[in-house]
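Comments concern the structure below.
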Amino acid sequence: MTKLSHIVAAFAVLLVFNLTANAQNVTAKALIDEGMDLHDKGQYKQAIQKYTEALKIEPGNTDAPIELANSYISSGDYTQAASILDKLIISAKQPIGDAYNLRALLYVRNKQSQKAIETYKAGIKNDPGNAALYLSLASLYYNESNNAEAEKYAAEGLKKDYKDVGLHRMYATIMYGQHKYVQGIMASCNVLLLEPNSENAKYVLNHINTGFADAAAAQTTYQSGKYAQAEQFLKKTVVNTSNYSENVSKAFVFELRLGEIFKGVGAISQSIKAPKDFFWSFYADYFYSLEQAGHLPVFIQYISQRNLTAKELSWFKDNQDKVKAFNTWYISTARKY
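Using the UniProt record's numbering, the first residue of the sequence shown is number 1, and each one after it goes up by one.
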């Protein structure tokens, strides 16, 4: 072999080695990330290819089949998606709540509600910390007018993740729909506490004000007991604050009403012996603590940001000590249930 032939042969070996090394360095996670990026761009076929490659490198990976099924769903191949999810659910030995969630959604799409409910519940058993499962199940029950079960699973989900905005919003929706305005208003306040600047913040603020108006005009669901007492207190508060002169701002009335409700409904909750229902411990006691700690003015400014002008937003800069104290309270105050 000539000297040149030796050089060419050596280069060829080196090239093969480098290509092999590079192939080995491509991880399943990297391919999944690429697939998710393609999926988000609507390139489902290419995304499917990436997830398939990831499974060849790491057959036991559970994220890849979930994302693979999701891309098949988005591309309209529901049968293939269901097959992938069914195999994963049978074989996986770790929490795969997202797989159960997707499989249940396919049952919902096929109008198989009972199958969907069973799948959501099996998912919760498999992955009890997955808040999305509770939200999906609560939503399904709500759409089927089963408010008791919808409320139950929204509450159970919030126990797992008290910062899940979707669950607070779901809880509020369930309550407003049953004319349980105190519970709906407080859950809406929690939505704004978590997302004061979201696109939906203005709508949530409107829901609170609508809740005030409806509470004053409508008959509450409750006929007796502490919940009825709370609704009557809300109605009285709204009526008593409806006759202010035009010189009083809507913001002033809004703050006054929420302050009175937090204080009054909180006082009712304080009279209830443990164990309390979820609402009293989780919402009523929490907002009562906020009001009693003197943080209501900061809270009102904070949740109203979407409605404030640039000049009004300067309030935060001018009241940094109050904002800091509220933040300290928020971080240190645990949710109870």
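Even for Gly, the Cβ is constructed at its ideal location relative to N, Cα and C.
Taking Ile-272 as part of the alpha helix (DSSP H), name the residues at either end of that continuous run. Numbered from its first residue, the sequence shown carries residue 272 at position 272. For Ile-272, there is no enclosing alpha helix (DSSP H), as DSSP gives it neither H nor E.
DSSP-derived helix/strand/coil call for Thr-328: In the sequence shown, residue 328 corresponds to position 328, counting from 1. Three-state DSSP puts Thr-328 in a helix.
Output the boundary residues of the alpha helix (DSSP H) element that contains His-168. Here residue 168 is taken as the residue at index 168 of the sequence shown, counted from 1. For His-168, the uninterrupted alpha helix (DSSP H) run begins and ends at 165-177, by DSSP.
With DSSP as the reference, label Gly-42 as helix, strand or coil. Your numbering for residue 42 matches position 42 in the sequence shown. Coil at Gly-42, not helix or strand.
With distances taken Cα to Cα, identify the nearest neighbour of Leu-55 among Thr-27, Met-36, His-39. To locate residue 55, count along the sequence shown from 1; it is residue 55. For Leu-55, the nearest C-alpha among the options comes from Thr-27.
Which residues in the same chain have their Cβ closer than 7 angstroms to the Cβ of Gly-225, if we skip the five residues on either side of it in sequence? Mapped onto the sequence shown, residue 225 falls at position 225. For Gly-225, there are no CB contacts under 7 angstroms within the same chain when 5 residues up- and downstream are skipped.
For Ile-73 and Trp-280, the rounded distance between their alpha carbons: By 1-based counting over the sequence shown, the position of residue 280 is 280. By 1-based counting over the sequence shown, the position of residue 73 is 73. The straight-line gap separating the alpha-carbon atoms of Trp-280 and Ile-73 is approximately 41 angstroms.
State the Cα-Cα distance for the pair Val-182 and Ala-230, rounded to the nearest angstrom. Numbered from its first residue, the sequence shown carries residue 182 at position 182. Numbered from its first residue, the sequence shown carries residue 230 at position 230. Looking at the two C-alpha atoms, the distance is approximately 7 angstroms.
Quick check on the DSSP output: the alpha helix (DSSP H) that includes Tyr-337 runs from which residue to which? By one-based count along the sequence shown, residue 337 stands at place 337. Per DSSP, Tyr-337 belongs to no alpha helix (DSSP H) and is neither H nor E.
Please report the straight-line C-alpha distance between Arg-103 and Asp-86, rounded to a whole angstrom. In the sequence shown, the residue the question calls residue 103 occupies position 103. In the sequence shown, the residue the question calls residue 86 occupies position 86. If I take the Cα positions, the gap works out to 8 angstroms.
Cut-off 6 angstroms between Cβ atoms - residues of its own chain near Ala-150, not counting five sequence neighbours on either side: Counted from its first residue, the sequence shown places residue 150 at position 150. Only Ala-138, Tyr-141, Tyr-142, Ile-174 meet the Cβ criterion.
Would you report the Cα separation of Thr-328 and Phe-254, rounded to the nearest angstrom? As a position in the sequence shown, residue 328 is number 328, starting the count at 1. As a position in the sequence shown, residue 254 is number 254, starting the count at 1. If I take the Cα positions, the gap works out to 24 angstroms.
Counting pairs of Cβ atoms below 8 angstroms between the region 274-288 and the region 300-317, do you hit three or more? no
Can you give the Cα-Cα distance for Ile-117 and Val-191, rounded to whole angstroms? One-based indexing of the sequence shown puts residue 117 at position 117. One-based indexing of the sequence shown puts residue 191 at position 191. Their backbone Cα atoms lie some 26 angstroms apart in a straight line.
Where does Ile-261 sit, in a helix, a strand or coil, going by DSSP? Stepping through the sequence shown from its first residue, residue 261 is reached at position 261. Residue state, collapsed to three classes: helix.
I'd like to know whether the C-beta atoms of Ile-66 and Ala-30 end up nearer to each other than 8 angstroms. Position 66 of the sequence shown, counted from the start, is the residue given in the question as residue 66. Position 30 of the sequence shown, counted from the start, is the residue given in the question as residue 30. No; because the gap between Cβ atoms is not below 8 angstroms, this pair is not in contact.
Can at least three beta-carbon pairs, one atom from the region 188-206 and one from the region 311-325, be found at a separation below 8 angstroms? no
Given a threshold of 16 other Cβ atoms within 10 Å of its Cβ, counted over all protein chains shown, does Arg-257 qualify as buried or as exposed? Translated into positions along the sequence shown, residue 257 becomes position 257. Looking at its Cβ environment, which holds 16 or more other Cβ atoms inside 10 Å, Arg-257 is buried.
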